[in-house]
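Worksheet for the structure shown next.
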Amino acid sequence: MRITSILLYKVHNIPYRFRGKHGIRKKPTLRDIFQFKRDLEREEANMLILRHPYLTTEQSNGHMSHLKQEKIINLMTKFKEDANAKFNRKVTIMDRLGHLKVSESWD
Numbered sequence: 001m002r003i004t005s006i007l008l009y010k011v012h013n014i015p016y017r018f019r020g021k022h023g024i025r026k027k028p029t030l031r032d033i034f035q036f037k038r039d040l041e042r043e044e045a046n047m048l049i050l051r052h053p054y055l056t057t058e059q060s061n062g063h064m065s066h067l068k069q070e071k072i073i074n075l076m077t078k079f080k081e082d083a084n085a086k087f088n089r090k091v092t093i094m095d096r097l098g099h100l101k102v103s104e105s106w107d
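Sequence positions in the sequence shown follow this note's numbering and run 1 to 107.
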């Protein structure tokens, strides 16, 4: 026991070293500070755009409704055509009995 404590006196395997009230905190580097500043500037630019939009709410309400209607109609017709493609196909006797056709090379 004594030799183990002497040999392992510098080994500290604390499982949750970076959590909790007395955990070790990483010191911010100069790179971290510049990255944080850049993030704040980007967020401020985005907030400026959101505070002063190009269109007012009255102008932006329903300005693409006609395009949405056309898109919905096109999707519905495409879906109906795909669904009915199997059933509206013209089936002939040649299609049904095509597998029975034998080449008559002996003639």
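Each residue gets a CB set at the ideal place from its N, CA and C atoms; glycine is no exception.
Let me know the secondary structure DSSP gives residue i once reduced to three states.
i           : result
residue 75  : helix
residue 37  : helix
residue 89  : coil
residue 60  : helix
residue 14  : coil
residue 5   : helix
residue 27  : coil
residue 101 : coil
residue 19  : coil
Closer than 7 Å to a non-hydrogen atom of the ligand ZN - does that hold for the CB of residue i?
i          : result
residue 25 : The ligand ZN is not among the ligands present in this structure, which contains no ligands whatsoever.
Go through its chain and collect everything with a Cβ distance to residue i's Cβ below 7 Å, but skip five positions before and after it.
i          : result
residue 18 : 24
Closer than 8 Å by C-beta to residue i: which residues in its own chain qualify, once you throw out the five before and the five after it? Chain order, please.
i          : result
residue 55 : 63
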